[in-house]
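The sequence shown lines up with residues 123 to 728 when you count with the numbering used here.
Ideal Cβ placement from N, Cα and C applies to all residues, glycine included.
Some notes on the structure that comes next.
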Amino acid sequence: MPKLFPEAKSSLRRTRARLTVLAGVFALSTALLSTAFAAAQTAASPASDIWWKHAVVYEIYPRSFQDSNGDGIGDLNGITQRMDYLQNLGIDAIWISPMYPSPQVDFGYDISNYEAVDPQYGTLADFDKLLATGKQHNIRVILDMVMNHTSDKHQWFVDAASSRTNPKHNWYVWNDGIPADSPGVGAFQKKYEHEGKVPPNNWTSTFGGSAWEWVPAVHQFYYHYFYIQQPDLNWRNPAVEKAMFDTMRFWLDRGVAGFRLDAIPTLFEDTQLRNAPDKGGINAQGDPNLSDEYQSNLPEVHGVIRRMRAMTQAYPGNRVLIGETYLPNTAELDLWYGGAKKDELNLPMDMLMGFTNKFDATDFRNHITEAETQLHGSLPLFVFDNHDNIRSIDRFGDGTHNPQIARLLAGMLFTSHAAVLTYYGEELGMPTTTPTRKEDVKDPIGITGWPKEKGRDGERTPMQWDDSPQAGFSTNASTWLPIPPSYKTINVKSEMADPNSELAWFHKLIELRRTLPALHDGGVTMLDKSNTNVLSWVRTLPGHPSVVSAFNFSAQPQTITLDLTGTPAKGTQVKTLLSDAPALQSTTTLKDITLPPYSTWIATVE
Ligand code: GLC
123 MPKLFPEAKS SLRRTRARLT VLAGVFALST ALLSTAFAAA QTAASPASDI
173 WWKHAVVYEI YPRSFQDSNG DGIGDLNGIT QRMDYLQNLG IDAIWISPMY
223 PSPQVDFGYD ISNYEAVDPQ YGTLADFDKL LATGKQHNIR VILDMVMNHT
273 SDKHQWFVDA ASSRTNPKHN WYVWNDGIPA DSPGVGAFQK KYEHEGKVPP
323 NNWTSTFGGS AWEWVPAVHQ FYYHYFYIQQ PDLNWRNPAV EKAMFDTMRF
373 WLDRGVAGFR LDAIPTLFED TQLRNAPDKG GINAQGDPNL SDEYQSNLPE
423 VHGVIRRMRA MTQAYPGNRV LIGETYLPNT AELDLWYGGA KKDELNLPMD
473 MLMGFTNKFD ATDFRNHITE AETQLHGSLP LFVFDNHDNI RSIDRFGDGT
523 HNPQIARLLA GMLFTSHAAV LTYYGEELGM PTTTPTRKED VKDPIGITGW
573 PKEKGRDGER TPMQWDDSPQ AGFSTNASTW LPIPPSYKTI NVKSEMADPN
623 SELAWFHKLI ELRRTLPALH DGGVTMLDKS NTNVLSWVRT LPGHPSVVSA
673 FNFSAQPQTI TLDLTGTPAK GTQVKTLLSD APALQSTTTL KDITLPPYST
723 WIATVE
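This is the structure in structure tokens:
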């Protein structure tokens, strides 16, 4: 079945070791350390600069960020109230997961009205206030746009499912089914028999069961890649494209900075409805493991994306199109930029780096090099965390050095030659808190898949603001997901007071990226390329000091010598900018540097 989320996910959930909270031991270089959390957005980009090329985009899951009205659920006014925090962190934009009216089967990814705000999150006026407050804080707002499917409660689908002659019927993907005794019909298809008909093929939904659902009123099946309550739109009907582009214009006209396009490779399906090849075995939902080649990433989608790009590009202010693009390799990712033409998405997410779950210096080096060389010069968008995956601190952490490993990942993210996506709580080292009892699970896939698949609640828990009873998230003792026990020590308030905290580390990294021209704009060259334990690179921009990053991926100290010969970097004077190894604070050379286990070292060379 479609590899939307990494396969390692459920096994990682089972084997994950307890998060060890260690006191931070890094010291920030005094030379560059500004007073922590003084307003950070100081760096100047030339006025002609395209903002998203350097952007740090911060994903907010609105249910879980800040509850402003005491109902136990986060809301838009809550986000507005926290704008100072976001500005001080130094981010450029927030991406808000869907806040449109929705029955909330998939917590907003099942939209029933694209041009309004769900009352539990606020009103359109609240949204406009959020946008205006964001503007005052230099924070752009990116919305999530779900185009593959609507909610089954959207009026379009209600109409479509009412009769075959309804004008909306052809807005969705329907099929009459085939006789249950047709040759080649397997046991899986037979489970979905209605009126002697079964689904036209073996396709499964990524969330479990057949991808086809029967509607008695029309005696047909409709197709749904995700939940039954998320019928797929028929993108071969031009009326659908027009309607969806109109909703995008509705928000662009209000002033949003762009969109994160949900599950965008899944817009089209094979016209011949060919059976998906069986990869063998059974997935966490108890269904056959199938290849998704006939259900995802069909070439036709690129035509839609090119037209969408032309539409958004006509707006002033460099609006951005970000894609949720789980793809098999970098060559496929390049197609989503439009290859050499660069006429498709601005920033299709690179899901190949942050979700491999392999903590391996060579793998990261190879992947980053690929992204640097195989995207026709387009900028990658790197990401380690989102609302669909176990938090990276737990996926990459070994249970003993998790805080150091989280710092190393953040060091890579913010000093890489890429735009950056980060997820609320990542800056705190917030761990995943997966439900331990089936009756507590809110995410439907965690209920149907229990105990193999426990769902995505664990990475969606409320933001940990302070150590008061609801962690400063809500005044209501009953929050939509429980406050994780880790809030006592892992929270914004205590981490802001601690210069060695994860939050201070993030803050400093974002500041370095914003203020050092080589990190902001410079190219990247890998160093010490045969080293299997230490990943290192240099960022260079003519006329500015170069910046070297080195990351020890091993549990042993590693001594490295970095040779800049053959790179564009010049100079011998080395000054540490940031390291979690106290001994490296005073490093002045690129020779014989000993990096403690899992440590990070970032320095200028001139
Ligand atoms: C995307 C979202 C995920 C959602 C799915 C269906 O993958 O990130 O949360 O469940 O699409 O909309």
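Excluding the 5 residues flanking P606 on each side, which residues of the same chain have their C-beta closer than 6 Å to its C-beta?
For this step, residue 606 is matched to residue 484 along the sequence shown. Result list for P606: T555, T583, in chain order.
Identify whether T716 lies in helix, strand or coil by the three-state DSSP scheme.
Within the sequence shown, residue 716 is the residue found at index 594, counting from 1. Here T716 sits in strand by DSSP.
Quick one: what's P410 bridged to in DSSP?
Reading the sequence shown from its first residue, position 288 is the one you call residue 410. BP columns for P410 point to I404.
Whole-angstrom distance between H276 and Q351, CA atom to CA atom:
Here residue 351 refers to the residue found at position 229 of the sequence shown. Here residue 276 refers to the residue found at position 154 of the sequence shown. Going by C-alpha positions, Q351 is about 10 Å away from H276.
Starting from the Cα of F486, find the closest Cα among G230, N674, D248 and give me that residue.
Counting from one through the sequence shown, the residue named residue 486 turns up at place 364. The shortest C-alpha separation from F486 is found at N674.
Provide the residue span of the alpha helix (DSSP H) that contains G380, from first to last.
Counted from its first residue, the sequence shown places residue 380 at position 258. First-last for G380: 380 to 384, but that is the beta strand (DSSP E), not the alpha helix (DSSP H).
Taking contact to mean at least 3 C-beta pairs separated by less than 8 Å, is the segment 456 to 468 in contact with the segment 395 to 403?
In short, these stretches do not touch, since the Cβ pair count stays below three.
Apply the 10 Å Cβ neighbour rule to P450 and answer buried if 16 or more other Cβ atoms are within range, or exposed otherwise.
As a first step, residue 450 must be located in the sequence shown, where it is residue number 328. Exposed: under 16 other Cβ atoms inside 10 Å.
Can the beta-carbon of H523 be found closer than 7 Å to that of Y720?
As a first step, residue 523 is located in the sequence shown; it is residue number 401 there, counting from the start. As a first step, residue 720 is located in the sequence shown; it is residue number 598 there, counting from the start. Yes, these two residues count as a Cβ contact at 7 Å.
Can you list, in chain order, every residue whose CB sits closer than 6 Å to a heavy atom of the ligand GLC?
Listed by chain position, these are L126, D228, Y231, V268, F348, D384, A385, E446, H509, D510.
Mind checking G742: buried by the 16 CB within 10 Å criterion, or exposed?
Summary: the structure shown does not reach residue 742, with the chain confined to residues 123 through 728, and so no result is reported for it.
First and last residue of the uninterrupted beta strand (DSSP E) at G445
Sequence index remark: in the sequence shown, residue 445 carries index 323 (1-based). Where G445 is concerned, the enclosing beta strand (DSSP E) stretches over 442 to 445.
Pull up the distance between the alpha-carbon of V669 and that of G380, whole angstroms please.
As a position in the sequence shown, residue 669 is number 547, starting the count at 1. As a position in the sequence shown, residue 380 is number 258, starting the count at 1. About 31 Å.
Could you tell me the alpha carbon to alpha carbon distance between H346 and E335, rounded to whole angstroms?
Counting from 1 along the sequence shown, the entry for residue 346 is found at position 224. Counting from 1 along the sequence shown, the entry for residue 335 is found at position 213. Cα-Cα distance, rounded: 8 Å.
Check whether the segment 311 to 318 and the segment 252 to 269 touch, using three or more Cβ-Cβ pairs below 8 Å as the test.
Result no; under three Cβ-Cβ pairs closer than 8 Å.
Whose CA, out of I213, R204, Y207, W173, lies closest to the CA of Y180?
Working through the sequence shown from its first residue, we reach residue 180 at position 58. Scanning I213, R204, Y207, W173 for the CA closest to the CA of Y180 turns up I213.
Please report the residue range of the beta strand (DSSP E) in which W723 lies.
Counting from 1 along the sequence shown, the entry for residue 723 is found at position 601. It spans 722 to 727 - the beta strand (DSSP E) in which W723 sits, taken as one unbroken run.
Pick from V426, M475, S284 that is closest to G740, judged by C-alpha positions
What the structure shows of the chain is the stretch from 123 to 728, and residue 740 is not part of that stretch, so it cannot be assessed.
Is the beta carbon of A406 sitting closer than 7 Å to the one on E575?
Your numbering for residue 406 matches position 284 in the sequence shown. Your numbering for residue 575 matches position 453 in the sequence shown. It is a contact, given that the beta carbons lie within the stated cut-off.
Unbroken beta strand (DSSP E) runs of length 3 or more, entirely within the segment 430 to 486: which are they?
The qualifying runs are 442 to 445, 469 to 472.
Going along the chain, which residues of its own chain have a beta-carbon closer than 8 Å to the beta-carbon of T730, five neighbours each way excluded?
For residue 730 there is no data in the structure shown, the boundaries of the chain being 123 and 728.
Enumerate in chain order the residues of its own chain whose CB-to-CB distance from L154 is below 6 Å, with the five nearest sequence positions on each side excluded.
For the purposes of this step, residue 154 is taken as the residue at position 32 of the sequence shown. Unreliable positioning characterises L154 in this predicted model, as indicated by a pLDDT of 35, which lies under 50. The coordinate reading is nonetheless provided below. Cβ neighbours of L154 within its own chain (closer than 6 Å, five residues either side excluded): L699.
Candidates L497, A540, N260, R428: which alpha carbon is nearest G644's?
Here residue 644 corresponds to residue number 522 of the sequence shown, with the count starting at 1. Of the candidates L497, A540, N260, R428, the one whose C-alpha sits nearest the C-alpha of G644 is A540.
Given that a residue counts as buried once 16 or more other Cβ atoms are within 10 Å of its Cβ, and exposed if not, what is A599?
Position 477 of the sequence shown, counting from 1, holds the residue named residue 599. Its Cβ having fewer than 16 others within 10 Å, A599 is exposed.
Going by DSSP, which residues form a beta bridge with W334?
As a working mapping, residue 334 is identified with position 212 in the sequence shown. Answer by DSSP bridge pairing, in chain order: Y345.
Status (buried if at least 16 other CB within 10 Å, exposed otherwise) for L383
What you label residue 383 is simply residue 261 of the sequence shown in a count that begins at 1. Result: buried.
Mark P322 as exposed unless 16 or more other C-beta atoms lie within 10 angstroms of its C-beta, in which case mark it buried.
Counting from one through the sequence shown, the residue named residue 322 turns up at place 200. Buried, since its Cβ has 16 or more Cβ neighbours within 10 Å.
Tell me which same chain residues have a C-beta within less than 8 Å of the C-beta of P289, skipping the five on either side of it?
Within the sequence shown, the letter at position 167 stands for residue 289. Excluding residues within five positions, the ones whose Cβ falls inside 8 Å are D281.
Where Q394 falls: helix, strand or coil (DSSP):
Position 272 of the sequence shown, counted from the start, is the residue given in the question as residue 394. Correct three-state label for Q394: coil.
Whole-Å CB distance - Q417 paired with T393, under 8 Å assumed
Here residue 417 refers to the residue found at position 295 of the sequence shown. Here residue 393 refers to the residue found at position 271 of the sequence shown. Not quite, the Cβ-Cβ distance comes to about 12 Å (not below 8 Å), so this is no contact.
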